[in-house]
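Okay, here's the thing in structure tokens:
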């Protein structure tokens with residue numbers, strides 16, 4: 005029975021390991037080419053108007069076929085330079101052990117009812133400093149912002 | 320022969336680089352026979368692995384049979400469920416066979432809808448011409464073959480009214496569409512005449528935005544998303560099977576929901 | 004050819020069967036193996052379709068696991084296999100009801116018998132000398148997988164034609180709900196498959212029985228009410 009158990013475990017590890025890599029042969033939401041600013045790449049994605057209130061609570065996905073959940077949008081703030089940042093809880097498991105980080109709105113895209121982070125990989129997001137509210141002001145829910153689009157990843 | 324609808328300029332080098340994996344993948348998929356993965360193949364006894372073309376041909380034959388079954392299941396009097404306007408997703412979900420940066424916006428003031436085939440009045444239409452026709456609105460569920468869906472609201476000219484106005488042969492089999500993004504599509508006449516098939520000009524009460532097909536897209540409530548072309552530039556009524564972009568790659572033609 | 008059942012006494016119900024009938028008659032064996040092949044096609048092509056928009060975020064099936072290396076061909080396999088699955092399934096259900104095989108093989112099931120068998124299994128005391136007797140857990144699992152198979156067809160129809168079968172979709176709780184139930188049904192069937200194949204490998208006589216027909220059933224099998232079937 006033991007060798008069969010080992011094979012089964014290996015198969016399951018292979019199966020779920022695939023999810024972690026999740027190579028997308030036809031990706032959507034790819035990062036801007038080197039040298040291009042976030043604002044420029046957002047402008048290329050036909051940004052569409054959306055009320056800030058509609059963004060709150062939205063899930064944030066990784067732009068890969070397995071659509072890994074990176075976190076959820078907890079707030080939208082403006083920093084002292086006027087840049088709009090999306091505050092999301094990132095990391096952890098099912099809400100435990102996550103921390104708040106602030107991602108520039110221009111780094112994100114809309115994907116139907118969800119959002120994706122296009123400009124940063126999860127590895128890069130992990131190195132973001134924890135979000136501190138000082139120096140930022142929340143953007144009112146009625147404010148309309150413009151967010152770029154992306155096609156689904158496969 | 321130069322296509323009337325081919326874009327005049329190619330993508331910028333940067334965008335091309337970005338999509339190299341996509342292009343490679345499309346090339347691979349176009350050439351790959353039967354799309355079988357070896358792992359699963361070994362489970363099939365009696366399957367001739369050396370001639371996957373035969374398997375592919377058999378699957379496509381069954382797919383064509385399924386088109387016939389779908390045509391039988393299509394009830395021209397059955398309306399798709401509709402929903403309250405508050406449920407409309409704004410903006411809707413974008414999809415194409417390329418990412419959104421490669422959308423080529425159409426100039427509505429110079430846009431013309433060309434007509435061809437079994438149509439009596441083949442004079443091209445302008446956008447104001449279409450806007451002058453009686454419009455219908457519907458809030459329906461968009462279902463993508465990929466598996467996702469959303470509630471969307473479209474306003475436009477019922478395709479039936481349009482076809483009647485231009486003297487189309489309503490006993491013909493197919494209505495075919497050409498688009499500004501090289502995405503041909505075609506549908507059966509029964510679906511074309513369905514009350515929830517529109518030449519859509521608006522989404523959610525506003526003019527269609529560029530990424531969503533401005534100035535005109537086809538919007539049906541009874542077919543999967545990929546059957547609804549955006550940036551329509553020509554309509555043809557014909558009895559010759561016109562096919563479509565995804566059908567060439569193996570997807571079913573009827574695509575009904 | 005079956006002789007008529009004798010009148011039930013208070014303590015025994017007697018099944019008279021014709022001498023020489025095998026545990027798995029040839030129609031059962033043919034339908035079983037058609038179903039096995041078709042099920043594998045449906046499951047693996049279904050995984051391929053699933054990948055196009057995952058139902059459970061974070062979970063996707065790699066290339067080695069899917070039939071059809073991308074959506075178009077997974078769909079084509081799935082929409083071809085569905086005919087074999089459904090037609091073979093209808094034939095099997097018709098056979099099972101009309102010949103009385105379901106009643107004979109799968110009923111009755113008592114909760115006490117199920118608990119008893121689970122306890123025995125956990126003590127590794129599974130008895131398989133007599134292939135012609137299904138224990139209570141076996142019967143339950145076979146009924147479960149038949150129901151799951153039928154559910155896959157129903158939810159599959161709902162997903163395939165959510166507008167033409169809009170009433171069915173509403174009953175199921177919506178389009179995404181139907182997708183989720185379809186995925187859950189697949190999970191049940193795969194779980195059954197793992198147990199089923201493992202046991203067939205552990206007790207190879209059962210595998211041979213499904214190929215050759217298995218032991219002949221006794222002339223009369225007697226079931227007393229309240230005892231282990």
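Residue numbers (my numbering), protein chains in the order written: chain A, 5 to 158; chain B, 320 to 576; chain C, 4 to 232. By construction, the Cβ of each residue, glycine as well, lies at the ideal position given by its N, Cα and C atoms. Note that the structure is a prediction, hence the values are computed from the model and not measured.
| Asked | Found |
| --- | --- |
| Which chain C residues sit within Cβ distance under 7 Å of residue 400 of chain B? | 169 |
| Kindly indicate if chain C contains any beta-carbon less than 8 Å away from that of residue 396 of chain B. | no |
| What's the C-alpha gap between residue 213 of chain C and residue 407 of chain B? | 54 Å |
| Along the stretch 57-77 of chain C, what residues have a CB closer than 9 Å to any CB found in chain B? | 57, 58, 66, 67, 68, 69, 70, 71, 72, 73, 74, 75, 76, 77 |
| Could you name the residues of chain A that residue 529 of chain B contacts, counting a contact when the two beta carbons are closer than 7 Å? | 50 |
| Give me the Cα-Cα distance between residue 58 of chain A and residue 152 of chain A, rounded to the nearest whole angstrom. | 15 Å |
| By the 10 Å Cβ neighbour count, where 16 or more other Cβ atoms means buried, how is residue 146 of chain A classified, buried or exposed? | exposed |
| With burial defined as no fewer than 16 other Cβ atoms inside 10 Å of the residue's Cβ, what is the status of residue 125 of chain A: buried or exposed? | exposed |
| Using a C-beta cutoff of 8 Å, does residue 415 of chain B count as contacting chain A? | yes |
| I need the straight-line Cα distance from residue 359 of chain B to residue 64 of chain A, nearest angstrom please. | Per-residue confidence for residue 359 of chain B stands at a pLDDT of 45, beneath the threshold of 50, marking its modelled position as unreliable; the derived number appears in the next sentence. Cα-Cα distance, rounded: 34 Å. |
| I need the straight-line Cα distance from residue 73 of chain C to residue 533 of chain B, nearest angstrom please. | 30 Å |
| Look at the alpha carbon of residue 50 of chain A and the alpha carbon of residue 475 of chain B, and state the distance between them as a whole number of angstroms. | 23 Å |
| Would you say residue 116 of chain C faces chain A, with C-beta separation under 8 Å as the test? | no |
| In chain C, what lies closer than 8 Å to residue 381 of chain B by C-beta? | 79, 82, 83, 86 |
| Tell me, to the nearest whole angstrom, how far the beta carbon of residue 504 of chain B is from that of residue 548 of chain B; I am working on the premise that it is less than 8 Å. | 4 Å |
| Please determine, among C/38, C/202, C/44, the residue with the shortest C-alpha to C-alpha distance to residue 137 of chain C. | C/202 |
| Please report the straight-line C-alpha distance between residue 57 of chain C and residue 63 of chain C, rounded to a whole angstrom. | 7 Å |
| Going along chain A, which residues have a C-beta under 8 Å from residue 467 of chain B? | 116, 156 |
| For residue 143 of chain A, which residues in the same chain have their Cβ closer than 7 Å to its Cβ, ignoring the five residues on either side in sequence? | 56, 80, 81, 82, 88 |
| Along the chain, where does the alpha helix (DSSP H) containing residue 79 of chain A start, and where does it finish? | Per DSSP, residue 79 of chain A belongs to no alpha helix (DSSP H); it is in the beta strand (DSSP E), 73-82. |
| Output the distance between the C-alpha atoms of residue 51 of chain C and residue 69 of chain C, rounded to the nearest integer angstrom. | 5 Å |
| Would the beta-carbon of residue 445 of chain B be found less than 7 Å away from any heavy atom of the ligand ZN? | Of the ligands one can find in the structure shown there are none, so the ligand ZN has no counterpart to examine. |
| Apart from the five residues just before and just after residue 32 of chain A, which ones in its own chain have a Cβ nearer than 7 Å to its Cβ? | 67, 154, 155, 156, 157 |
| Measure the beta-carbon distance from residue 432 of chain B to residue 554 of chain B and round it to whole angstroms, keeping in mind my assumption that it falls under 8 Å. | 7 Å |
| Can you name the residues of chain C whose CB is closer than 9 Å to the CB of residue 65 of chain A? | 60 |
| Going by CA-CA distance only, name the one from C/178, C/154, C/172 that's closest to residue 187 of chain C. | C/154 |
| Along the chain, which unbroken stretches of the beta strand (DSSP E) at least 3 residues long are found entirely within the stretch 389-423 of chain B? | none |
| Taking the CB atoms as reference points, tell me whether residue 142 of chain C and residue 118 of chain C lie closer together than 8 Å. | no |
| Under the three-state reduction of DSSP, which class applies to residue 36 of chain C: helix, strand or coil? | helix |
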